[in-house]
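Report on the following structure.
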Amino acid sequence: MTNQRPFAAEMPWPDFHARVKDGKTPILIPLGSMEQHGHHMPLHVDVLLPTEFARRVAQRVGGLVAPTFSYGYKSQQKCGGGNHMPGTVSLEGQTLVHQLRDVIKEFARHGGRNFAIVNGHYENSWFINEAVDLALRELRWDGIGN
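Written out as structure tokens, the structure is:
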């Protein structure tokens with residue numbers, strides 16, 4: 001267990017740079033969504049859970065937690081949700097793919113090489129796979145291959 005700050009956004013940039021420049025620090029990227037979960041739960045439960053999970057893991061392994069993606073792909077009506085429910089705010093799949101791809105590439109530009117995507121919203125899954133694939137492909141083109 002480490003006493004270092006786990007949240008990248010709370011660090012001054014020199015501290016962040018010192019942690020990531022050698023490529024050894026794991027960077028955890030939590031993704032969630034803002035959607036209804038019934039009358040008894042907050043709209044951002046899909047944000048709270050992956051963020052806390054990422055924090056705990058980062059503290060154990062000396063990693064950093066990137067700012068959480070608070071919006072995700074559309075909640076499916078088959079799963080009890082849907083965009084017709086008040087409070088549900090969603091992204092198109094292409095938007096989520098491009099945002100996550102860009103964030104991974106930016107962390108890699110600063111030295112990040114070890115990433116873990118912590119998903120709190122099932123419907124994000126396929127778009128996460130696509131974003132990671134695109135990011136890795138483009139990073140290889142840029143000469144960042146590991």
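Under our numbering, the letters of the sequence shown match residues 1 to 146, in that order. Even glycine gets a Cβ: it sits at the ideal position worked out from N, Cα and C.
Answer with buried or exposed for G87, where buried requires no fewer than 16 other C-beta atoms within 10 angstroms of its C-beta. G87 is exposed by the Cβ-count criterion.
If we call anything under 8 Å between Cβ atoms a contact, is A54 one with L96? Contact: no.
Which of helix, strand or coil DSSP assigns to G72: G72 sits in a strand when the DSSP states are folded into three classes.
A116 by DSSP, collapsed to three states: which one? For A116, the three-state secondary structure derived from DSSP is strand.
So what's L100 in DSSP terms, helix, strand or just coil? Helix.
Among the residues of its own chain, which have a CB less than 6 Å from the CB of A131, if the five just before and after it don't count? Around A131: V97, L100 and R101.
Buried or exposed by the 16-neighbour rule on C-beta atoms within 10 Å, applied to M41: M41 is exposed by the Cβ-count criterion.
Would you report the Cα separation of I199 and F69, rounded to the nearest angstrom? Outside the modelled stretch of the chain, which goes from 1 to 146, sits residue 199, for which no answer is possible.
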